[in-house]
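The structure appears below as structure tokens.
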Amino acid sequence: MKKILFGIIALIILVGGAGFAWYKVSYGGGTYYVQITKDGKKKEVSDNSGKKFKEYDYDIKSYQKDGKEKRVTFMADHNLRKEAYLKLTVNSVKGVTSWEEVKKSEVPKEALKKLNNNS
125 MKKILFGIIA
135 LIILVGGAGF
145 AWYKVSYGGG
155 TYYVQITKDG
165 KKKEVSDNSG
175 KKFKEYDYDI
185 KSYQKDGKEK
195 RVTFMADHNL
205 RKEAYLKLTV
215 NSVKGVTSWE
225 EVKKSEVPKE
235 ALKKLNNNS
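Each number in the working numbering comes from the position in the sequence shown (counting from 1) with 124 added on.
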């Protein structure tokens, strides 16, 4: 009975670990910071049903907390506020997987220094 219980526990741990690894590879990534200084490139796109909507594309330099630079591209469904600071999650395979606006005080010093030098 103990062997079966240990086998079930080992299987649960194995499946959970594989699921966590898949999630990290698919959606995890490094944290980078950007400052929006110009409007995004406006595009009109259609979904499968033919419904049209606008998207705004950004191609911008981003910085990690230690100042390491990476050029990133991402899109938003609205034009982002100029001078806004964003925190990005950048996946090595999928690129930018998420972003959120943050306060200037939340941007690490080295990244902020690099962002201010580009202004």
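Yeah, the Cβ is synthetic: ideal placement off N, Cα and C, and Gly gets one too.
{"Query": "Which residue from V158, G143, S229, E179 puts its Cα closest to that of E168?", "Result": "E179"}
{"Query": "Determine, using beta-carbon pairs with one atom in the region 127-139 and one in the region 183-195, whether at least three such pairs fall under 8 angstroms.", "Result": "no"}
{"Query": "Taking the alpha carbon of S222 as the point to measure from, which residue in K176, G152, W146 has its own alpha carbon closest?", "Result": "G152"}
{"Query": "State the start and end residues of the unbroken beta strand (DSSP E) segment that holds L210.", "Result": "209-215"}
{"Query": "Assuming contact is defined by CB atoms lying nearer than 7 angstroms, are V217 and F198 in contact in what I supplied?", "Result": "no"}
{"Query": "Just to confirm my understanding: we take I160, look at its own chain, exclude 5 residues before and 5 after, and list those with CB closer than 6 angstroms. What are they?", "Result": "L204, K206, A208"}
{"Query": "What residue from R195, H202, K228 has the CA that sits closest to T213's CA?", "Result": "R195"}
{"Query": "A142 to K148, Cα distance in whole Å?", "Result": "10 angstroms"}
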